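**Q** First residue of the sequence shown: 1, per the working numbering; consecutive thereafter.
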Amino acid sequence: DQESYIVKTSWRAPAINNVFTRFDTGAEKLSEVDEVRKILNYGRGVMPAWGLPGGGPLTSQEVDHIIAWLWRERLPVEEVAATARAEKEAQMAANPSKSEGQVLFEIHCARCHTPRWPGRGPATLPNGGGTVELIPGPAGSGRYGPALNKTSLERLFPDIEDQISFIALGAADDVPYGEFARLGNYGMPGFGKILTEDEIRAISMYERSLDPVEQSTVEFAELYAPGGDS
Numbered sequence: 001d002q003e004s005y006i007v008k009t010s011w012r013a014p015a016i017n018n019v020f021t022r023f024d025t026g027a028e029k030l031s032e033v034d035e036v037r038k039i040l041n042y043g044r045g046v047m048p049a050w051g052l053p054g055g056g057p058l059t060s061q062e063v064d065h066i067i068a069w070l071w072r073e074r075l076p077v078e079e080v081a082a083t084a085r086a087e088k089e090a091q092m093a094a095n096p097s098k099s100e101g102q103v104l105f106e107i108h109c110a111r112c113h114t115p116r117w118p119g120r121g122p123a124t125l126p127n128g129g130g131t132v133e134l135i136p137g138p139a140g141s142g143r144y145g146p147a148l149n150k151t152s153l154e155r156l157f158p159d160i161e162d163q164i165s166f167i168a169l170g171a172a173d174d175v176p177y178g179e180f181a182r183l184g185n186y187g188m189p190g191f192g193k194i195l196t197e198d199e200i201r202a203i204s205m206y207e208r209s210l211d212p213v214e215q216s217t218v219e220f221a222e223l224y225a226p227g228g229d230s
């Protein structure tokens, strides 16, 4: 089954000097940090668990040292927001055919909600399978986060204002959200510190424009183009 192939490719990890603009956004002092501790202990996405509770090698004291360093090195919210705004403007200038919502989604959301994002370029198949050209999957079709599209979001958040609030605040651990009272966890960050309400609305409208049928009908050949060593 070609879908079971594991390809060797690079992964662009998010910055960590702005982590407190996405997680533990309400923390005013080091002792109030909780979400970042859980991420370090148990992992998130492609990041492995580093703390002993999740099977990692670091003691609670060592994890505390990392958190203290992150807290000390954190950037001011205003600086992070300005950087995010500059990145959006640069991407919109470079991609005039894309809407503001699509550009913001690709910067802030696609890493978790689009397969193989932001992977592009040559990748090696195992067992002498040659190389392929890695192509991201359909926008919003789900990866570490769930699929986002017109159908799923209109069911989960019938009122778009609830979706906007959720994106701004993120998912609180064990707190229900949405129409089906799903329990949140530390996986979904909040973006209200660095994005404006209008920007979050643009993301929400873009996500609600995505077609679930198009997301589910992409074949392997459309995700991997033949390379030169096959």
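We treat Cβ as the ideally placed atom computed from N, Cα and C, and that holds for glycine. Quantities reported herein were computed from a predicted structural model and do not represent experimental measurements.
#1: Ends of the beta strand (DSSP E) at Thr131?
#2: Looking only at its chain, what residues have a beta carbon closer than 6 Å to the beta carbon of Ser204, apart from the 5 residues adjacent to it on each side?
#3: Measuring only the C-alpha atoms, how far is Phe166 from Gln61?
#4: Along the alpha helix (DSSP H) that carries Ala86, what are the first and last residues, could you check?
#5: For Leu30, count the other beta carbons within 10 Å of its own beta carbon; 16 or more makes it buried, fewer makes it exposed. Which is it?
#6: Would you mind reading off the limits of the alpha helix (DSSP H) that contains Leu30?
#7: Find the nearest neighbour of Ala110 within the set Thr151, Ala90, Gly45, judged by alpha-carbon distance.
#8: Please name the residue or residues paired with Leu235 in a DSSP beta bridge.
#9: Report the rounded CA-to-CA distance for Glu89 versus Gly184, giving the unit in angstroms.
**A** Taking the coordinates as given:
#1: 131 to 134
#2: Ile160, Gln163, Ile164
#3: 33 Å
#4: 77 to 94
#5: exposed
#6: Counting along the chain, Leu30 falls outside any alpha helix (DSSP H), and DSSP gives it neither H nor E.
#7: Gly45
#8: Here the chain covers residues 1 to 230 and nothing more, so residue 235 does not appear.
#9: 32 Å
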